[in-house]
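K.L.:
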Amino acid sequence: IDECADPKTNPCDGACTNLPGSYKCLCPVGYKQDSRNTSIYYCQKNSVCLDFGGDNGGLNCSCKNGYEGNPYLSPGCHDINECADPINNPCNGTCTNLPGSFMCSCLKGYDRHGRDCVANDTKSRVLKSSLGKEINALLMDNFITKSCKL
């Protein structure tokens with residue numbers, strides 16, 4: 001689809017450049033990009049739209065944290081599986097990939113210390129895990145989940 005070709009579908013007030021699966025609006029010198037519809041059509045899935053502030057206006061797209069790929073072309077950015085690479089695996093316990101992040105958890109009887117799971121000295125029945133910027137604890141005796149933001 002060429003959104004730029006038909007005046008009914010052309011969303012740009014300035015110059016419209018057709019891209020595979022998308023388009024790009026450029027403003028004339030002295031004008032600034034209007035915020036309407038820019039992130040909806042210009043940047044693809046799992047990316048953010050950034051105004052680069054140039055004299056000609058325009059926007060840059062960047063993949064969100066935890067994602068990689070081409071933010072301009074469909075289907076956009078895809079999740080990085082942090083657990084898949086044994087060399088760069090972020091934990092030595094059980095690594096679970098999550099959208100844009102990962103979760104490391106230790107088995108019963110072990111505690112998280114950085115990337116490592118080390119045997120604890122207590123007989124506490126707590127399974128600890130870290131999730132992105134949160135720390136969660138699942139109390140095995142009562143099946144209660146607690147979460148604290150870092």
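Read in order, the letters of the sequence shown are residues 1 to 150 in the UniProt record's numbering.
Beta carbons: idealized from backbone N, C-alpha and C, even for Gly.
Spell out whether any CB of chain B is found under 7 Å from the CB atom of residue 4.
P.N.:
Protein chain content of the structure displayed is limited to a single chain, and chain B is not contained in it.
K.L.:
Spell out the partners DSSP gives residue 21 in its beta bridges.
P.N.:
One-based indexing of the sequence shown puts residue 21 at position 21. Partner(s): none; residue 21 has no beta bridge.
K.L.:
In the DSSP output, what is residue 96 paired with across the bridge?
P.N.:
On the sequence shown, residue 96 is found 96 positions in, with the first residue counted as 1. Answer is 103.
K.L.:
In whole angstroms, what is the alpha-carbon distance linking residue 26 and residue 84?
P.N.:
As a first step, residue 26 is located in the sequence shown; it is residue number 26 there, counting from the start. As a first step, residue 84 is located in the sequence shown; it is residue number 84 there, counting from the start. Cα to Cα, the separation comes out at about 40 Å.
K.L.:
With a cut-off of 8 Å on the beta carbons, I'd call residue 67 and residue 46 a contact; round off their distance for me.
P.N.:
One-based indexing of the sequence shown puts residue 67 at position 67. One-based indexing of the sequence shown puts residue 46 at position 46. Right, the Cβ-Cβ distance comes to about 5 Å (below 8 Å), so this counts as a contact.
K.L.:
What would DSSP say about residue 69, mapped onto helix, strand or coil?
P.N.:
In the sequence shown, counting from the first residue as 1, residue 69 sits at position 69. Residue 69 falls in the strand class under three-state DSSP.
K.L.:
So which of 80, 43, 18, 115 has the shortest CA-CA distance to residue 101?
P.N.:
Here residue 101 refers to the residue found at position 101 of the sequence shown. The option with the nearest alpha carbon to residue 101 is 80.
K.L.:
Can you list, in chain order, the residues of its chain with a C-beta nearer than 7 Å to that of residue 10? Leave out the 5 residues immediately preceding and following it.
P.N.:
Against the sequence shown, residue 10 aligns to sequence position 10. Excluding residues within five positions, the ones whose Cβ falls inside 7 Å are 3, 4, 16.
K.L.:
Spatial neighbours of residue 118 within its chain, please: C-beta separation below 7 Å, excluding the five flanking residues on both sides.
P.N.:
Here residue 118 refers to the residue found at position 118 of the sequence shown. Once the five neighbours on either side are set aside, the close Cβ partners of residue 118 are 110, 111.
K.L.:
Can you say whether residue 105 is buried or exposed, counting buried as having 16 or more other CB atoms within 10 angstroms of its CB?
P.N.:
Here residue 105 is taken as the residue at index 105 of the sequence shown, counted from 1. Classification for residue 105: buried.
K.L.:
Exposed or buried, which one is residue 114 when buried takes at least 16 other CB atoms within 10 Å?
P.N.:
Taking the sequence shown and counting its residues from 1, the one referred to as residue 114 is at position 114. Burial call: exposed.
K.L.:
Leaving out five residues before and five after residue 50 in sequence, what residues of the same chain have Cβ atoms less than 8 Å from its Cβ?
P.N.:
On the sequence shown, position 50 is the one that residue 50 refers to. Contacts found: 59, 60, 61, 62.
K.L.:
Quick one, are the C-beta atoms of residue 73 and residue 7 less than 7 Å apart?
P.N.:
Translated into the one-based positions of the sequence shown, residue 73 becomes position 73. Translated into the one-based positions of the sequence shown, residue 7 becomes position 7. No, the Cβ-Cβ distance between residue 73 and residue 7 is not below 7 Å.
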